[in-house]
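Accompanying notes for the structure given below.
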Amino acid sequence: MEKEYQFWEIEKKWQKLWEEKNYSKAVLDQEKEKFYVLMMFAYPSGKLHMGHVRVYTIGDVISRIKRLQGFNVMNPGGWDAFGLPAENAAIDNGIHPAKWTFQNIENMKSQIQKIGISYDWEREIATCKPDYYKWNQWLFLKMLKKGLVEKKEGTVNWCEKCQTVLANEQVEDGQCWRCGSEVEPKELSQWYFKITQYAEELLEGHKELEGGWPERVLSMQKNWIGKSIGLQADFKWNNEDLPIFTTRPDTIFGVTYMAVAPEHPVIKKILEKKPENIELKNFVEKVKKESKIERTAEGVDKNGVFTGEYVTHPFTGEKTPLYAADFVLMEYGTGAVMCVPAHDQRDFLFAKKYNLPIKVVIQPKGTELSVSEMKEAYTGEGILTDSSDFSGLDNKTAIEKIIEKAEEIGIGTKTVNYRLKDWLLSRQRYWGTPIPMIYCDKCGIVPEKLENLPVILPEDVDFSKGGNPLATSKAFMNVTCPVCGSSHARRETDTMDTFVDSSWYYARFASPKCESAPFEKTEGNYWMSVDQYVGGIEHAVMHLLYSRFFHKVMRDLGLVDSDEPFKRLLTQGMVVAHSFHCKTHGYIPPSETDNGKCPHCQAELTVKVDKMSKSKKNGIDPDEMVKKYGADTVRVFMLFAAPPEKDLEWSDTGIEGAARFLRRIFQLALKNFEELKNIDPKTLKLENLSKSGAEINKIIHKTIKKVTEDFTVEYRFNTGIAFLMEYLNHLTSFQPENNEDKKILKEGTLILLRLLFPIAPHISEELYSVLSEKSQSIHELSWPSHNESFLIDNEVKIVVQVNGKLRANLDMPVDAPKEAIIAKAKEAVSKHMEGKTIVKEIFVPNKLVNFVVK
RNA sequence: GCGAGAGUGGCGGAACUGGCAGACGCACUAGACUUAGGAUCUAGCGCCUUAUGGUGUGAGGGUUCAACUCCCUCCUCUCGCACCA
27 MEKEYQFWEI EKKWQKLWEE KNYSKAVLDQ EKEKFYVLMM FAYPSGKLHM GHVRVYTIGD
87 VISRIKRLQG FNVMNPGGWD AFGLPAENAA IDNGIHPAKW TFQNIENMKS QIQKIGISYD
147 WEREIATCKP DYYKWNQWLF LKMLKKGLVE KKEGTVNWCE KCQTVLANEQ VEDGQCWRCG
207 SEVEPKELSQ WYFKITQYAE ELLEGHKELE GGWPERVLSM QKNWIGKSIG LQADFKWNNE
267 DLPIFTTRPD TIFGVTYMAV APEHPVIKKI LEKKPENIEL KNFVEKVKKE SKIERTAEGV
327 DKNGVFTGEY VTHPFTGEKT PLYAADFVLM EYGTGAVMCV PAHDQRDFLF AKKYNLPIKV
387 VIQPKGTELS VSEMKEAYTG EGILTDSSDF SGLDNKTAIE KIIEKAEEIG IGTKTVNYRL
447 KDWLLSRQRY WGTPIPMIYC DKCGIVPEKL ENLPVILPED VDFSKGGNPL ATSKAFMNVT
507 CPVCGSSHAR RETDTMDTFV DSSWYYARFA SPKCESAPFE KTEGNYWMSV DQYVGGIEHA
567 VMHLLYSRFF HKVMRDLGLV DSDEPFKRLL TQGMVVAHSF HCKTHGYIPP SETDNGKCPH
627 CQAELTVKVD KMSKSKKNGI DPDEMVKKYG ADTVRVFMLF AAPPEKDLEW SDTGIEGAAR
687 FLRRIFQLAL KNFEELKNID PKTLKLENLS KSGAEINKII HKTIKKVTED FTVEYRFNTG
747 IAFLMEYLNH LTSFQPENNE DKKILKEGTL ILLRLLFPIA PHISEELYSV LSEKSQSIHE
807 LSWPSHNESF LIDNEVKIVV QVNGKLRANL DMPVDAPKEA IIAKAKEAVS KHMEGKTIVK
867 EIFVPNKLVN FVVK
C-alpha cells in the first residue's frame, strides 16, 4: 500500500478499469426494476463550470446508490448541441459551428470522465447530429398532421442582437434570455406549436407531480399558464359584436366606459370610417412601436384616447364611451375590456385621469361607499346595488347568476382564459433543426415527405452576410415540390427553437440508435418516465413546460404510455462565490485582492456573494480543482457544503476540509493495513467483543441506518456526510483490545468505504480493494443494510429539568420504573429545589423528567 | 400588489411526530511535534460572567410542564409573476 493518498494515480487507475468493466451500461431487463436518473444535458460551451460539476455529482451519487440497491439504473449523458454560441463563433472566427461544437463536446466529455461520472456513454446523443434532429422534423410533421402546428402572422418578440425571434418564455423583464438586450415588437409570419391546446392538461398534470416536484416550480408553471375563469360578453358597436372578457361579471352594472387595445381590429375600422381622428391615429402608431416593457412597466401612466365612438352595454342597453388604451393587451383575452372604475384600481386611475364617471355597484358590509370620497377602487366582497335584478345579492352568488343570465339571453358565455401563448418555434438562425416545410409557387406551403427526412443542414453557407444564413445555400434552397414536383419551390429557411431538441431527448435516450422511430417502443415503455431528474431552477418554466407538452403529444401519437416525463425533480442551487468590486477598476479576481483592497488603487472593495461568472471574475475552474485536490475531494465538498437545492457557496478553506476528510480515511486504512489485511470479519463472534468493540458494532449499524436514510430518502447528502465524518472519528479513536475487536474495526472500515463509495468512488474502491480479502470491487456488492437488533440500547440518558431548565443527566437502564427514575432525578437536582415545593412531575419514558416547582 | 420560500454562533449549515439548541465542517485560540508550517495531532470555542449562574434560534405576544418547532401580529430578505381584465 502506498504511504500517501495519491489521488491522481488512484483516480486514473479506476476510471480506466471501470470503463473496461462497463459498469455503467444500462440494458433492458424486464426481470429487474429500472431506475432512470437524468441530469439536464449540457450545452457544449467548451468548458465545464462548477454548476455542471454540481448537477453531475448529485445525479451520479443517486445512480451509484440505486445501482447498489439492486435497481437496473440508466444514467445517460448527451449534448444540447444546437444554439447560438456555435454560430457566433462561426461568424467571429470562421470556424464551422459543427467543428466548434464537436471540439467542445470532446473536451467536456473528458472533463466529465475525470470527475468520475458513471454515464452510460454508449447512449450518448448530440442534438446537432442528423440522426437526432431527423426526429425533431418527424415529430414536427406528425404534429402538423394533428393540427398542432400553425403558421401565423403576429407581433413577435425580436432580439436585434441575436437577429432572431424569441418565444414569450424566453423574454425576461423585456430582455432576451440569452444576451440581455432589449426585445422589440415585430410583425412576422412564424411557426407555432399549439401548446395552448394542452393548457388545461398541463395544469391538471401538476396533481401527479405534487410531492415529486418542488412546490415552487409547480407554482411558477401554474402562474405561467395563468388560468382564469370568467364571462365573455358581447358589447355592441353599431351592429357589430365587441366581446370583452372579465373575471368580475358581478361588477358589470358598474361599467362606465370600455377600452380596447390599440391593435384591436375595431380601431382600424373606426379610423377607416373617420380618418380625420388624428389624435387616435397618432396614439395607435405610438403605442404599436413601444415594447411591452415600456407599455406595462410599473408606475408608468396609463394612457388612452377617446375613439369618438360609443358601445352598447349588453344588460342595460346604455351607451358607453369607447377608448383605445395602452394597458389593454391584444394578446390576452379578447383585447377589449369593460371598465368598472369603482371596483378596479387600474380603471379607477384611468377614470380619474380622463374624468370619466364612477359608479358603485358593490357595497362592502358595514360601510357605505360614496363616489366623491373614494381614493381607490374597492375590489373586495360585498352586496350588489344598482344592478337591476341582481341588486341585493352577495357578489359571489352574483358572479354565477350573471353568467347564467348572460348565457340565457345569449349575450355571453362562461369562458376560461389562459395567459399561456402558443409556442413560437421559428428561429432565423443556421445552427438548429431545419423546419421541414416547402414553399411551392403552385401548392403553397407544403410539408416535406417523411421518407425525405432528415432535411440536412447544408455546409455551403455564408455566415458573413447577416440575415438567415440558410438562405445563402443554393443546394439547400433549390428543391422540388413534394406534391406537384414543380421546381419552383424553395425551402423554409427558419430553424427550430433549440428547446424543441431538449423537449424529448430524455425519450431518445431509451434507444438512441433507433432508426425507424424517435425511439423503440418497448425500450421507451421500459425506461420511461424519468424517475429522478436533476437540473437548474432556471428551466422551471421553459424546458420543463415544453417537455411536459411534448410528452403528452408523444402519448397522443401513441409513442409513450405515461402522462408525465419526469416523476421526481430535484432543482439544485447555484454555485456562488464572493465577488470583489472596485468603483474605478471594476471586478477584481479574488486572488488579486489585497486584504480586501483594490490592488491598483487601494480602495475598499465591495464584497458580495454572486453566481460564478466570467464578468464578475469570481469563477472557479473545475479542472484546476480536480488537479489540485482530486475528483473525490471536489465531489465531497460539493455535496457537504450545502443541501442540494440550496445555493452552494464556494470556499477555498472548505474544500481543504473535504480533502482532510479523505486523507484521514486513507490514513486510517494505512495505519491498520498490516494488522487488518488478513483478518476475516465474517468469523466475528459478537460475544467476544470488548465493551468498546461492542460500542463500535452499534455505531456501525446506526451509521448505516442514518446514512441510508439521508442519501436515499430526501437526498440530504450534507447530513449524511456529516455522519460519515463522525463515524470516521469513532473508528479513528477506537483501540482494539482483542482479536475480535480487530475484526470489528476491519468490518467498520469496510462499511465506511462502502457508504462513502457513491460520494467518493475512487478512494473507496481503491482502499476496499486493498483491504478486503478477495480484492473485491464495491460495484459488485450491494448497499450495506443495518441490523435493527444491534441498535437497541440497554442504557439511556435521561434529561432532568427543573421548571423546564436542564439541571442533570441520568444514565438509566432502558424502561426503568418511573419511581426509580424520579427518585434518582430528585437526588440529582435537589440543589435546585431547596425550599421549594413540587407542583407537578412530568415523566416521558426513556427521555426526560421535568419538575415544576414553586 | 399577488404567489412561494427563508430568517439559528465569526461563516457554511444540523436539530425526527414540541423534549439537552448549535451535530458535522470551516475560521479562530491555546498547546504538542517540528529547522520550518498553509502538514499533522490534542484541547477549547453562542453571548454575558470568576467556576456557579444568567441569557440566547428576526421582533413582540400567546398556547404548553416544555417552543427553532404550534397559533396571532409585525419586520427583513430571496425567488417567481406583475397593468392578465
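Under our numbering, think of the first position of the first sequence as 27, with each following residue one higher.
Using N, Cα and C, we set each Cβ at its ideal position, and we do this for glycine too.
Distance, Cα to Cα, G359 vs C627?
-> 57 Å
| message | Using the three-state DSSP reduction, which class does I293 fall into: helix, strand or coil? | response | helix
Check your understanding: In chain order, what residues of the same chain lie with their CB nearer than 6 Å to the CB of K732, ignoring the 5 residues before and after it?
Key -> F749
Spatial neighbours of E407 in its chain, beta-carbon cut-off 6 Å, leaving aside the 5 residues before and after: N421
With DSSP as the reference, identify every bridge partner of S254, one or two as the case may be. N443
Bridge-paired residues (DSSP) for I121: In DSSP, I121 forms no bridge with anything.
query: Ends of the beta strand (DSSP E) at F489?
result: Run containing F489: none; DSSP gives neither H nor E here.
| Among D373, N329, G280, which one has its Cα closest to the Cα of H339? | G280
Close-in-space but distant-in-sequence residues of the same chain around E490 (CB under 8 Å, 5 per side omitted): Reading the sequence as shown, one finds Ser at residue 490 and not Glu. Hits under 8 Å: I117.
Tell me the start and end of each unbroken beta strand (DSSP E) in the segment 489-567 that is at least 3 residues and wholly inside, in chain order.
515-517, 558-562
Open item on the list: Quick check on T439: buried or exposed, where buried means 16 or more other Cβ atoms within 10 Å of its Cβ?
Closed with: Exposed.
Chain-order list of residues whose beta-carbon lies under 8 Å from that of F743 (same chain, five-residue window excluded): I84, V87, L665, F666, P669, P670, D736, F737, I785
Q: Determine the closest residue to L781 out of N644, V209, E298, S811, with distance taken between C-alpha atoms.
A: S811
For this session: On a CA-only basis, which of R372, E357, W105 is nearest D327? Give me that one, please.
Result: R372
For L674, three-class secondary structure by DSSP: strand
Proximity below 8 Å, CB of N714 to CB of N764: yes
Q.
I want to know whether the segment 565-585 touches the segment 228-243 - three or more CB-CB distances under 8 Å.
A. Touching, yes.
Can you give, in chain order, each stretch of the beta strand (DSSP E) that sits fully within the segment 144-197 and has at least 3 residues?
175-185, 190-192
Residue environment, Q56, which counts as buried when at least 16 other CB atoms sit within 10 Å = So Q56 ends up on the exposed side.
request  = Give the straight-line distance between the Cα atoms of V331 and E426, rounded to the nearest whole angstrom.
outcome  = 33 Å
TODO: Compare the beta carbon distance of G361 and A432 with 8 Å and say whether it is the shorter of the two.
DONE: no
Just to confirm my understanding: we take W24, look at its own chain, exclude 5 residues before and 5 after, and list those with CB closer than 8 Å. What are they? Because the chain here runs from 27 to 880, residue 24 falls outside it and cannot be looked at.
For G256 versus P275, is the C-beta distance shorter than 8 Å? Yes.
Practice item. If I'm right that P480 touches Q163 with Cβ under 8 Å, what's the distance once you round it to whole angstroms? Key: A Cβ-Cβ separation of about 6 Å places P480 in contact with Q163 under the 8 Å criterion.
Count the other CB atoms, across all protein chains shown, that sit within 10 Å of the CB of D841; report buried if there are 16 or more and exposed otherwise.
-> exposed
Quiz prompt | Cα-Cα separation, I141 to T222 | solution = 42 Å
* Asked: When the Cβ atoms of the segment 167-187 are set against those of the segment 114-129, are three or more pairs found closer than 8 Å?
  -> No, because fewer than three Cβ pairs between the segment 167-187 and the segment 114-129 fall closer than 8 Å, the two stretches do not touch.
**Report entry** Chain-order list of residues whose beta-carbon lies under 7 Å from that of L451 (same chain, five-residue window excluded)
**Finding:** Excluding residues up to 5 positions away in sequence, W217, Y218, F219, M522, D523, V526 lie with their Cβ nearer than 7 Å to the Cβ of L451 in the same chain.
| Boundaries (first-last residue) of the alpha helix (DSSP H) holding I722 | 717-738
ask   = So, I789 versus F687, is the Cβ gap smaller than 8 Å?
value = The criterion of a C-beta distance shorter than 8 Å is not satisfied by I789 and F687.
(Q) DSSP three-state label for I471, please. (A) strand
| query | What residues are listed by DSSP as bridge partners for C866? | reply | Per the sequence presented here, residue 866 reads as Lys, with Cys not at that position. V878, per the DSSP bridge assignment.
I want to know whether the segment 88-98 touches the segment 59-71 - three or more CB-CB distances under 8 Å. yes
What is the C-beta distance between D370 and T411, in whole angstroms, given that I count them as a contact (C-beta under 8 Å)? With 8 Å as the limit, D370 and T411 do not qualify as a contact, their Cβ atoms being about 17 Å apart.
Exercise. Which residues mark the beginning and the end of the beta strand (DSSP E) in which P462 is found?
Worked result: Unbroken run through P462: none, as it is neither H nor E.
Give me the Cα-Cα distance between P347 and A107, rounded to the nearest whole angstrom. In this structure, the straight-line span from the alpha carbon of P347 to that of A107 is close to 55 Å.
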